[in-house]
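Residue numbers (the working numbering), protein chains in the order written: chain A, 992 to 1063; chain B, 9 to 229. Okay, so here's the structure we're looking at.
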């Protein structure tokens, strides 16, 4: 039932990204599709990719240090 | 999963401050609870670090489903860590997300409220369903769907209450648009509920102590 409602809503709103769908819902003008980045199998990253990688590495290192320290 | 994808400037300053104050009060209650009521232990700190890393990593990935959607694992955070430690986790994930340009800084307070709703409802539903002897996968899956549904309702309420600056669309049209958006998101909630269900039932089998369920009540499927 949930999936049917989802598909109907998807058809009603059209094929668009989450930001565009959000902007349309609240009445803001849609930003044009920047295109170009199709990612890997359609999976793309939000925000600045370089900053994402740096923060992700730092957070994984911090998690590993905590894991080693507490040995849970 | 529910996240207010609006740029800075969409909400007026009064509402940005209001949502931030409410979020900080809730975070204060979480920290008070962790300090005075339920003492935080080493295992919880380690679990919180892992959940923060996982949530941040997956939240930035745009999944090519229904035009593009996100998961942020907030129900998993609620079920595994509980709402008290979930508060600091969603704060960190939202701040780091804003830092890399995913979501506006002004939306962080409102998004913390949305995510805390998901964390709390998922946790409460998971615990409540434990009383009727349901298997772990189903409890986690239903908890996830409930958490994400209530998170979307919170998101809609915050937007309707705040209003959008420079937009003269009536409330009914905005409510209709956000309801359609929520319906699309709920399709992804099904996917997230399966993922959460599998992760929680796996942890239940190998490390039931993490779920604070020392004596198994129902066999994990």
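No residue lacks a Cβ here, since even glycine has one placed at the ideal position from N, Cα and C. As the structure is a computational prediction, the values presented were derived from the model and not from experiment.
| Asked | Found |
| --- | --- |
| Neighbour flag for residue 68 of chain B against chain A, beta carbons, 8 Å | yes |
| is_contact[residue 1061 of chain A, chain B] using C-beta, thresh 8 Å | yes |
| Spatial distance of residue 15 of chain B from residue 204 of chain B (CA atoms) | 29 Å |
| Secondary structure of residue 199 of chain B, DSSP reduced to three states | helix |
| Residue 11 of chain B classed as buried or exposed, judged by whether at least 16 other C-beta atoms fall within 10 angstroms | buried |
| Burial state of residue 215 of chain B (16 or more Cβ within 10 Å) | exposed |
| Contact list for residue 79 of chain B against chain A, beta-carbon separation under 8 Å | Under the 8 Å cutoff, chain A gives no residues; its nearest Cβ is about 12 Å from residue 79 of chain B. |
| Cβ of residue 993 of chain A within 8 Å of any chain B Cβ | yes |
| 8 Å Cβ cutoff met for residue 168 of chain B and residue 179 of chain B | yes |
| Pairwise C-alpha distance: residue 144 of chain B and residue 22 of chain B | 43 Å |
| DSSP beta-bridge partners of residue 69 of chain B | A:1036 |
| Per DSSP, cross-strand counterpart(s) of residue 1031 of chain A | A:1034 |
| Cβ of residue 75 of chain B within 8 Å of any chain A Cβ | yes |
| Cα-Cα separation between residue 200 of chain B and residue 41 of chain B, rounded to whole angstroms | 29 Å |
| Boundaries of the alpha helix (DSSP H) in which residue 10 of chain B is found, first to last residue | Per DSSP, residue 10 of chain B belongs to no alpha helix (DSSP H) and is neither H nor E. |
| Endpoints, alpha helix (DSSP H) assigned at residue 122 of chain B | 116 to 137 |
| Within chain B, the residues that residue 1042 of chain A reaches when beta carbons sit closer than 8 Å | 107, 108, 109 |
| Below-8 Å beta-carbon distance, residue 1017 of chain A vs any chain B residue | yes |
| Residue 216 of chain B at chain A interface by Cβ criterion, 8 Å | no |
| For residue 77 of chain B: DSSP bridge partner residues | B:71 |
| C-alpha distance - residue 55 of chain B paired with residue 84 of chain B, whole-angstrom precision | 11 Å |
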